[in-house]
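Step one of this worksheet: look at the structure below.
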């Protein structure tokens with residue numbers, strides 16, 4: 001497979017997953033502002049902080065982290081490269097360039113997805129009915145993932161698509177946790193209060209994990225929430241599950257058995273998965289949850305860089321001055 005094609009497929013699914021997760025952040029936060037309207041002013045800044053783009057936000061909107069400004073920046077700002085509309089535009093362009101590889105249903109879905117959102121932004125639908133708007137975005141993401149699994153042959157191209165999706169999902173799950181644990185509740189007096197429980201339930205909802213969590217743990221306990229979203233080996237949005245499945249997809253691309261490595265990407269991802277296999281929630285908390293998650297995000301970014309270098313980077317041919325080969 002051409003590196004250009006592999007890169008387009010990988011980034012197509014990363015951008016789709018990124019758009020869906022941003023919609024999840026905003027949707028859950030909207031519900032929190034309904035539960036605690038008096039706290040609405042402090043609910044929106046942490047979402048921007050989690051993206052790492054707070055400086056860009058403040059260049060555009062100053063320090064006014066209002067719901068309207070944050071929603072527009074994260075959802076509809078055409079100049080912000082990680083907004084939902086920008087992610088879908090990039091996903092559509094990547095999908096368009098590999099239309100002969102992906103299924104026609106996948107292309108039609110991502111094309112319709114982008115055009116509908118563009119029209120919604122033009123009519124300011126996000127401001128008038130934000131709950132429905134972001135619910136639609138989340139469901140469109142689910143539909144695209146379903147089409148990926150059910151209409152595309154599970155060969156090399158599919159494995160690149162799945163690797164991109166899973167890495168992005170692991171990264172966003174870590175950021176959901178980081179927002180809650182480090183930024184959302186700076187007052188120690190709010191810990192273990194009803195307010196705290198509702199916030200942790202919101203974290204689980206952000207990952208569509210509330211029902212599965214309750215089936216296992218019943219009561220919402222912060223330690224158990226973190227354990228479930230980081231280390232659970234069966235829940236499809238836990239960090240460990242995503243990275244383990246991503247590792248398998250990467251090995252299916254290269255043909256190298258799991259447990260062996262043939263390139264730096266497999267080595268970096270294998271080491272990260274091993275760290276998760278031999279860590280537990282007590283060790284993580286003693287290290288510091290924010291510090292652990294921050295380090296985890298850095299390692300996921302390193303894996304992404306290694307994948308680019310191993311599979312997408314075009315090797316340059318050295319100039320030998322025109323000498324015969």
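Residue numbers (the working numbering): 1 to 325.
Yeah, the Cβ is synthetic: ideal placement off N, Cα and C, and Gly gets one too.
- Secondary structure in the segment 188-236: no beta strand (DSSP E) run of 3 residues or longer lies completely within the stretch.
- Sequence-distant partners of residue 69 (beyond 5 residues in either direction) whose C-beta falls short of 6 Å from its own C-beta, in its chain, are 61.
- DSSP places residue 17 within a helical segment (H, G or I) once states are collapsed to three.
- Excluding sequence positions up to five before and after residue 25, its CB lies within less than 6 Å of the CB of 47, all in the same chain and listed in chain order.
- As the crow flies, the alpha-carbon of residue 254 is around 23 Å from that of residue 236.
- Rounded to whole angstroms, the gap between the alpha carbons of residue 307 and residue 283 is 29 Å.
- Along the length of the segment 99-186, whole alpha helix (DSSP H) runs at least 4 residues long occupy 104-122, 125-128, 130-151, 156-178, reported in chain order.
- Within the model, the alpha-carbon separation for residue 86 versus residue 76 is close to 8 Å.
- If you draw a 10 Å sphere on the C-beta of residue 108, you find fewer than 16 other C-beta atoms in it, and that means exposed.
- The shortest CA-to-CA distance from residue 202 to any of 88, 225, 10, 1 is the one to 225.
- Each residue's CA atom was taken as its position, placing residue 114 and residue 266 some 33 Å apart.
- By the 16-neighbour rule on beta-carbons within 10 angstroms, residue 66 is exposed.
- Looking only at 17, 54, 247, the smallest Cα-Cα distance to residue 273 is reached by 247.
- Within a 10 Å sphere around the beta-carbon of residue 234 sit fewer than 16 other beta-carbons, which makes this residue exposed.
- Within the same chain, 82 come within 7 Å of residue 51 by CB-CB distance, once the 5 residues on both sides are set aside.
- In the three-state scheme derived from DSSP, where H, G and I count as helix and E and B as strand, residue 248 is classed as helix.
- With a minimum length of 4 residues, the unbroken runs of alpha helix (DSSP H) contained wholly in the segment 254-307 fall at 264-277, 281-287, 289-307.
- Annotation for residue 94: the continuous alpha helix (DSSP H) segment containing it runs 84-97.
- In the three-state reduction of the DSSP assignment, residue 49 falls in the helix class.
- In the displayed model, residue 63 falls within coil according to three-state DSSP, outside both helix and strand.
- Closest option to residue 103, judged by alpha-carbon separation, among 166, 259, 178, 158: 158.
- With contacts defined as CB atoms closer than 9 Å, residue 23 and residue 138 qualify as a contacting pair.
- Residue 135 counts as exposed, since fewer than 16 other C-beta atoms from the protein chains shown sit within 10 angstroms of its C-beta.
- When the beta-carbon positions are compared, residue 223 and residue 277 stay at least 9 Å from each other.
- The segment 166-178 and the segment 284-300 touch, with no fewer than 3 CB-CB distances between them shorter than 8 Å.
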